[in-house]
Structure formats: C-alpha cells, structure tokens
Amino acid sequence: MSDVTREAMEYDVVIVGAGPAGLSAAIRLKQLDAELNVVVLEKGSEVGAHILSGAVLDPCGLDALIPDWKEKGAPLTVPVKDDNFYMLGEAGKVRVPNWPMPKLMSNHGNYIVSMGNVCRWMAEQAEALGVEIFPGMACSELVYGENGEVKGVVAGEFGRNPDGREGPGYEPGMELHGKYVFLGEGVRGHLAKEVIAKYDLSAGKQPQKFGIGMKEIWEIDPAKHREGSVTHTMGWPLNSNAGGGSFIYHLENNQVYVGFVVHLNYKNPHLFPYMEFQRFKHHPMVAELLEGGKRVAYGARAITEGGYQSMPKMVAPGVALLGCSVGMVNVPRIKGNHNAMLSGKAAAEAAFDAIKAERAGDELSAYETEVRDGAIGRDLKKVRNVKPMWSKWGLTASLALGGLDMWTNELFGASLFGTLSHGKSDAEATETVYHHKPIDYPKPDGKLSFDRLTNVAFSFTNHEESQPCHLRLLDPSVPIDVNLPKFAEPAQRYCPAGVYEVVEKDGRPQFVINFQNCVHCKTCDIKDPSQNIKWVTPQGGDGPNYPNM
C-alpha cells in the first residue's frame with residue numbers, strides 16, 4: 015500500500031464493479047438484511063458505460079434474484095424466436111440443423127438484450143433497496159489488514175501526472191473498508207489478478223484461456239430485420255488460423271448486434287483479429303444483411319474461456335472473486351451473464367451468514383462450495399471439454415466429439431473423456447515469425463469494413479492524456495529488442511483499438527503506446543508473448559462510454 019494518508023469509510027461489504035455479478039451481490043445482500051451497509055464502486059462514468067452491450071441472456075440468474083423482474087420492468091423485451099447455425103466458406107454457407115445439438119444449446123426462453131441497459135436497471139433496483147453506488151470511482155489498489163487479509167480498496171484517486179507523481183490538483187481518494195470485499199471487475203481485472211497471485215489461487219488449476227470479442231451495432235434496412243433472430247457461424251474467415259466464430263442478433267428498432275470472437279491461443283503472430291472481423295462482414299450472407307445500413311457503435315472485450323477446470327479458488331481472507339473475475343462463461347453457449355448473477359447471489363448469501371455469525375475478514379468457503387457444486391458448476395462441467403477439444407483437434411473434430419461429450423454429460427452426468435487439460439497459456443501459444451507467413455488483409459472499404467481508429471471513435475472512449483499511462487511495460491526494452499524480431503511485435507495487431515504501434519524515429523524502431531484509444535479489453539495483458547504489458551485501472555471514469563442501446 016502507498017504512503018498517502020487517506021480518510022476511510024466503513025461498510026459491511028465493499029463491491030468493486032457494477033456489472034451483473036456485483037449488482038446481483040448488492041441486491042441480494044439488501045434483500046437478506048436491509049440494515050447492511052453495502053457500497054458498489056464502478057470505474058465507468060456511469061453504470062453500464064463499460065458494459066459491451068449485446069448478448070443473449072439466459073434469465074435463470076434474474077429468476078433466482080428478482081423473480082418478478084417482468085413486473086418490475088426489466089429491459090428483457092426481445093425473446094429469441096429462431097436459432098440459426100452456419101458453417102461458412104469464403105463464398106457460401108452450410109446450415110447446421112438444430113436437432114442433433116444438445117438441449118443446452120437451445121436459446122428457447124432466452125432474450126436478446128443490451129447488458130448495459132440490464133445493468134442500469136439492476137442499479138435502480140439496488141439503489142431502491144438502499145445500496146450506495148458510486149460511478150467514476152476507479153479502484154486503484156487493495157488495502158490489507160494486519161493479518162494479511164483484504165480489508166478494503168482505494169477509490170477515487172485523481173490528479174497524478176504522466177510520470178506518476180502527484181500533480182497540483184491531486185486527490186488521494188478514500189479507503190473503503192468492509193468486513194468482506196467482492197471483486198466483480200470483469201475479465202482480467204487488475205485487483206483480482208493481484209489477489210490470485212498473492213494467495214496462489216490458481217494452484218492446481220488449468221491455465222485460464224481467453225478470446226477477444228469485437229462487436230458492432232448496426233441499424234439495417236427494416237425489410238431485412240427479423241426481431242428475435244439469432245445466428246452463429248464458424249469457419250471462414252478464420253478456418254485453421256484460429257478458433258472462433260461470429261454472432262448476429264436482431265434486437266428491436268431495426269438494430270442488429272454483429273460480433274466476432276477470436277480465441278487468443280492462436281499460433282501465428284501475424285494474425286490480426288480485428289481485420290478478421292472486418293473481412294467476415296464481406297461474406298455474402300453478412301454483406302447482404304448490412305448493405306444499406308449504418309454502424310452506430312463499436313467495442314471490444316476479452317472473454318474468459320477456460321471453463322470449469324480453469325476457475326481459480328474464488329476466496330481468500332476477506333475477499334471473494336465474482337463472475338468473470340473467476341471465469342464462468344459457458345463457451346459453446348457464449349453465455350456467462352447468468353452465471354455472473356448467480357455468483358453474486360451466492361457470495362452475498364455466504365457473506366450474510368458470516369456477518370450474522372459476527373465473522374469478518376475470513377474465507378467465505380460456503381461461496382466456493384456453492385459455485386462449484388451448485389447451478390454454476392453444473393452448467394460449466396457439462397461443457398468443460400469443448401474448448402480443449404477445439405484447441406487440440408480443430409474445428410471439425412471438436413464439433414463431433416464436443417457434441418457427443420455434451421450429450422453424454424447431459425444424459426448421464428459423465429464424460430467419456432474425463433476432464434481434458436488446456437496446456438499452454440494463450441501467451442505461450444504464440445509462435446515466432448520463423449514458423450509463419452504474414453497474412454494479407456484487404457483494405458477496409460469504409461462501408462462494410464472500417465479501419466481501427468475510425469471504429470474506435472464509435473466506442474466513445476476517452477482518457478485524460480495528462481494522467482499516467484495505464485498500460486505498464488515491465489521492461490521498456492522488450493517490445494523492440496525481443497517482440498519485434500521474434501514475433502513482429504504482435505501488439506500492433508492483437509489490440510482491437512490501435513493502441514500499440516512501431517514507428518521509425520531517427521532511423522530506429524520505437525514502440526508507441528496510444529493509451530487514449532484503449533477500450534479496456536485487456537487483450538494486451540493476456541496475449542503479449544513476453545507477458546511484459548500490465549493493464550491497470552486508469553484514473554476516474556475514463557474508458558469507453560458505450561451507448562444506451
């Protein structure tokens with residue numbers, strides 16, 4: 015902890031992150047005991063600002079938390095009407111029928127939603143119960159107690175100069191202490207990363223795996239719009255270069271969410287995930303849908319994909335990890351928000367019981383047990399082998415064997431394959447340029463496909479340039495001396511916002527970080543082959559400001 019003197023405020027539970035996990039925890043705590051003092055700290059300028067909207071939501075989490083959510087006006091208004099799954103070639107497609115797919119893959123009863131708006135609504139429910147929610151309050155560091163337990167966080171620090179020293183308008187922020195601290199920062203949050211390392215919570219677990227998900231919101235020709243339609247694709251343009259696929263969700267008001275996911279365990283350092291996404295939109299099926307429409311928003315974020323065998327221990331003294339801080343995405347379903355809500359509910363119930371028993375600062379082991387043995391564990395255990403099968407044996411084999419594995423898990427509660435391992439981390443999976451050829455990507459046409467900087471403007475991201483760079487190089491020499499000759503410095507390509515570039519200065523290459531472009535996806539922290547980039551929370555509410563759609 016730093017030497018700065020700060021005022022402190024005391025709460026029963028301090029929650030970092032106003033996403034579905036953190037807000038669910040806050041709501042459940044106040045449902046259980048209206049007298050509990052609960053605070054939620056959100057780094058975005060408002061609740062939902064950093065939530066990349068556009069998802070198909072399984073409402074089971076809301077059903078468990080707020081059973082009368084329909085009567086209370088939850089923004090779940092577009093039920094899924096039809097499911098479509100295609101294998102793409104460069105110029106054609108093959109429809110995969112729904113009947114051989116396991117029942118868990120069906121979207122019947124699910125809703126196409128803006129998760130940003132769902133979180134805004136959840137925040138209203140939380141505040142109505144008496145939860146204090148403070149947006150624009152980035153949590154910069156953890157506060158530890160005398161016995162090594164997590165007892166709070168530092169929030170609201172402003173005014174440091176680019177060199178990290180205190181500027182003339184420096185505000186030290188406050189310490190917010192709790193009997194328990196919940197970290198619901200989302201994927202690869204820097205406080206959760208610190209907790210996992212400090213308490214060795216990943217010991218005995220498989221490496222966490224990730225994907226990069228990029229998304230655009232389009233307004234399309236009303237004649238082409240099919241409200242409630244859900245389409246997923248695999249195959250082209252990635253083919254054997256990387257795992258991943260796409261989704262197209264038709265919501266209301268002639269809008270569609272067009273998204274593309276690239277698994278970050280790809281080998282070729284020349285792969286350019288953003289340009290794969292832009293190329294995808296020129297497939298005849300997608301181009302026909304989007305032509306005549308306009309893109310109105312863009313964003314990107316990392317996705318946890320390791321599943322059941324990669325979840326670290328979720329508790330340490332005084333602290334619990336929620337939702338994507340643990341990694342609760344059901345990869346074949348591309349769904350994790352329901353599990354995030356259930357995790358927040360479970361953590362709240364464990365903390366309520368502990369506080370009622372006059373405990374504080376210990377491990378909430380009941381939360382860990384509920385996640386692994388309850389609804390979340392059952393959801394993730396059924397699909398635990400899909401991701402490692404894809405990584406080891408490729409798309410075609412994983413479709414057949416993964417489908418079989420899901421069926422046997424669903425019908426008999428057991429797998430013919432046991433529990434497969436993931437092997438290398440995504441950073442370690444990157445191979446050198448000596449094993450791969452560059453990939454030639456077509457230039458964006460400005461109508462269906464766009465360059466990164468143009469698209470980043472549609473994320474409405476903003477960072478005060480007078481603050482310290484929140485993308486830290488552990489060794490400033492590595493990008494040019496190591497990553498450039500060995501990997502053609504892949505940060506130039508894996509970043510979906512054009513943050514990193516290599517430029518010539520005085521006849522020598524120089525690594526430049528344009529941190530003002532950052533959309534907080536954390537891909538650099540994950541994929542850098544030298545693990546030399548550390549993402550930390552910037553000051554204030556800086557970052558993307560995704561629209562209320």
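Here the sequence shown is numbered in the numbering used here, starting from 15 and rising by one per residue. Yeah, the Cβ is synthetic: ideal placement off N, Cα and C, and Gly gets one too.
| query | result |
| --- | --- |
| Residue from Gly173, Lys406 and Cys74 whose Cα sits closest to the Cα of glycine 123 | Cys74 |
| For aspartate 72, the nearest candidate out of Asn112, Ser120 and Lys519 (CA to CA) | Ser120 |
| Close-in-space but distant-in-sequence residues of the same chain around methionine 15 (CB under 7 angstroms, 5 per side omitted) | Since pLDDT at methionine 15 reaches only 42, below the 50 mark, its modelled position is unreliable, and no value is offered. |
| Whole beta strand (DSSP E) elements within the stretch 257-331, 3-residue minimum | 258-264, 269-277 and 308-318 |
| Contacting residues, own chain, Cβ-Cβ under 6 angstroms from valine 569 (five flanking each side not counted) | This structure cannot settle anything about residue 569, because the visible part of the chain is limited to 15 through 563. |
| Pairwise C-alpha distance: tyrosine 560 and leucine 415 | 38 angstroms |
| Beta carbon of tyrosine 125 nearer than 7 angstroms to that of proline 89 | no |
| Length of the line joining the Cα atoms of proline 458 and arginine 507 | 15 angstroms |
| Own chain partners of valine 385 with C-beta closer than 7 angstroms, once the 5 adjacent residues on each side are dropped | Met328, Ser357, Ala360 and Gly391 |
| Beta carbon of methionine 129 nearer than 7 angstroms to that of isoleucine 29 | no |
| Alanine 471, buried or exposed, once every other Cβ within 10 Å from all chains shown has been counted against 16 | exposed |
| Nearest-angstrom Cβ-Cβ length linking valine 343 and isoleucine 317, presumed shorter than 8 angstroms | 6 angstroms |
| Three-pair Cβ contact test at 8 angstroms for the stretch 432-452 versus the stretch 393-408 | yes |
| Coil, strand or helix - serine 412 by DSSP | helix |
| Opposing strand residues paired with glutamate 104 [DSSP bridges] | DSSP, once it has assigned bridges, lists no residue as partnering glutamate 104. |
| Neighbourhood of cysteine 133 by C-beta, 8 angstroms cutoff - its chain only, sequence neighbours within 5 removed | Ala32, Gly33, Pro34, Leu37, Val61, Gly62 and Ile65 |
| Bounding residues of the beta strand (DSSP E) (the contiguous stretch that carries glutamine 524) | 522-527 |
| Short Cβ contact (7 angstroms threshold) for valine 276 with proline 287 | yes |
| Tryptophan 113, DSSP secondary structure in three states | coil |
| Segment contact flag, the stretch 160-176 with the stretch 185-198, C-beta cutoff 8 angstroms, min 3 pairs | yes |
| Rounded separation between aspartate 376 and glycine 192 - CA only | 12 angstroms |
| Same chain only: Cβ atoms within 6 angstroms of methionine 136, ignoring 5 sequence neighbours per side | Leu37 |
| Three-state class that DSSP yields for threonine 245 in the structure shown | strand |
| One or two residues paired with phenylalanine 196 in a DSSP bridge | Ile29 and Ala334 |
| Three-state secondary structure assigned by DSSP to glycine 512 | coil |
| Alpha-carbon spacing of lysine 86 relative to isoleucine 369, whole angstroms | 29 angstroms |
| Contact between the stretch 546-559 and the stretch 465-481 (3+ Cβ pairs under 8 angstroms) | yes |
| C-beta contact flag for methionine 188 and glutamate 21 at 7 angstroms | yes |
| Euclidean distance between Cα positions of phenylalanine 261 and glycine 162 | 44 angstroms |
| Buried versus exposed call for arginine 347 [16 or more other C-beta atoms within 10 Å across all chains shown] | buried |
| For valine 18 and aspartate 26, the rounded distance between their alpha carbons | 24 angstroms |
| Neighbourhood of valine 108 by C-beta, 7 angstroms cutoff - its chain only, sequence neighbours within 5 removed | Tyr100 and Met101 |
| Proximity to tyrosine 448 [Cα-Cα], best of Pro499, Met23 and Ala105 | Pro499 |
| Same chain only: Cβ atoms within 7 angstroms of proline 452, ignoring 5 sequence neighbours per side | His284 |
| Same chain only: Cβ atoms within 7 angstroms of leucine 118, ignoring 5 sequence neighbours per side | Arg347, Lys396, Met420 and Glu424 |
| Histidine 191, DSSP secondary structure in three states | strand |
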